[in-house]
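**Q** Here you go, one structure.
Residue numbers (UniProt numbering): 1 to 302.
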């Protein structure tokens, strides 16, 4: 199929016998965009196009997502630890300077900030888009639809056999505008068969809610690391009609990062870059201009 607004060259990183697809566009200080579930690098397409003339834009597809390999459960461990290790290995292979801007969405917030916790010296700016890097706020109830997918055989069947999670996201994740049929098809394309939906299911089933859940300790560690980034310039762009990452999560970001610049959209949902494409890009471009990354001593002497 022709992917709309996605005129990019594909790159692949081989790790543990699997190929991880990523975009590597433009030049300059690196901007790393980390997606969630059930999206892929397609979600960031317009932002990549807007930034690549001034920045080196790197956008991986997680294993089992987008144009990366889609292994079965015997060939890949779909837990949070693997996602973090994949991103770390990819970015280390690219030998990025200590001048990285992170743009994170959905699961990308946890994965991206886990990378940041490992390499705080590399992170110079952070853009937050409807995501979390901490445990679910105590004021927030776990959504019933996620509970169904995470905990029941029926939910797993609906996700795998009916592609229900991806199809539902196409209908409700963008609120202010309807996705076009071509855009919906592009979001569905990576998960067009049952074996290629395992990653979608595993992202849901591995949400760490209890101390005994795999990955809970990782979330705790990332949460504990957040004060390291208190003085890193942060931009938050938030759709308030997100039924998962709602005002409870936004309030937690604001509590932890009172210096952050925040833009709220009352009519927009989880896919904030779809609902508020033009304004979001303008805010990000302006944020970068107002928070330039000064050269390090070594780079300044070159």
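Ideal Cβ positions, reconstructed from N, Cα and C, are used throughout, including at glycine.
Looking at residue 214: is its Cβ nearer than 9 Å to the Cβ of residue 81?
**A** Translated into the one-based positions of the chain shown, residue 214 becomes position 214. Translated into the one-based positions of the chain shown, residue 81 becomes position 81. It is a contact, given that the beta carbons lie within the stated cut-off.
**Q** Would residue 237 and residue 127 qualify as a contact pair, given that the criterion is a beta-carbon distance under 9 Å?
**A** For the purposes of this step, residue 237 is identified with residue 237 of the chain shown, where counting begins at 1. For the purposes of this step, residue 127 is identified with residue 127 of the chain shown, where counting begins at 1. For residue 237 and residue 127, yes; Cβs fall inside 9 Å.
**Q** Using a Cβ-Cβ cutoff of less than 6 Å, which residues in the same chain neighbour residue 296 once the five nearest sequence positions on both sides are dropped?
**A** Taking the first residue of the chain shown as 1, we reach residue 296 at position 296. Within the same chain, residue 296 has no close Cβ partners at all.
**Q** For residue 154, count the other beta carbons within 10 Å of its own beta carbon; 16 or more makes it buried, fewer makes it exposed. Which is it?
**A** The residue you call residue 154 lines up with position 154 of the chain shown. The residue is exposed, with fewer than 16 neighbouring Cβ atoms inside 10 Å.
**Q** Roughly how many whole angstroms lie between the Cα atoms of residue 4 and residue 252?
**A** Indexing the chain shown from 1 puts residue 4 at position 4. Indexing the chain shown from 1 puts residue 252 at position 252. For residue 4 and residue 252, the distance between alpha carbons rounds to 35 Å.
**Q** According to DSSP, is residue 25 helix, strand or coil?
**A** Counted from its first residue, the chain shown places residue 25 at position 25. Correct three-state label for residue 25: strand.
**Q** Straight-line CA distance for residue 270 to residue 125?
**A** Locating residue 270 in the chain shown gives position 270, counting from the first residue. Locating residue 125 in the chain shown gives position 125, counting from the first residue. Rounded to whole angstroms, residue 270 to residue 125 spans 22 Å at the Cα level.
**Q** Do you know whose CA, among 170, 69, 101, 68, lies nearest residue 33's CA?
**A** For the purposes of this step, residue 33 is taken as the residue at position 33 of the chain shown. Nearest of 170, 69, 101, 68 to residue 33, Cα basis: 101.
**Q** Please list, in chain order, all residues of the same chain as residue 235 whose beta carbon is under 6 Å from its beta carbon, the five residues on each side excluded.
**A** Within the chain shown, the letter at position 235 stands for residue 235. Correct list, in chain order: 127, 261, 287.
**Q** Distance, Cα to Cα, residue 193 vs residue 230?
**A** Within the chain shown, numbered from 1, the residue matching residue 193 stands at position 193. Within the chain shown, numbered from 1, the residue matching residue 230 stands at position 230. Their backbone Cα atoms lie some 43 Å apart in a straight line.
**Q** Output the residue ranges of the beta strand (DSSP E) runs that lie fully inside the segment 55-111 and measure 3 residues or longer, sorted by chain position.
**A** If we require 3 residues or more, the beta strand (DSSP E) runs fully inside the segment 55-111 come out as 56-60, 100-106.
**Q** Considering only the alpha carbon of each residue, which of 175, 273, 121, 130 lies closest to residue 228?
**A** The residue you call residue 228 lines up with position 228 of the chain shown. Selected option, being the one with the closest Cα: 121.
**Q** Please state the DSSP three-state secondary structure of residue 269.
**A** Taking the first residue of the chain shown as position 1, residue 269 is located at position 269. Coil, per DSSP.
**Q** Does DSSP put residue 302 in a helix, in a strand, or in coil?
**A** Within the chain shown, residue 302 is the residue found at index 302, counting from 1. Caution is warranted here: a pLDDT of 37 is assigned to residue 302, below 50, making its placement in the model unreliable, and the coordinate value is therefore given only provisionally. Of the three classes helix, strand and coil, the one that applies to residue 302 here is coil, per DSSP.
**Q** Mind checking residue 143: buried by the 16 CB within 10 Å criterion, or exposed?
**A** Counting from one through the chain shown, the residue named residue 143 turns up at place 143. Exposed is the call here.
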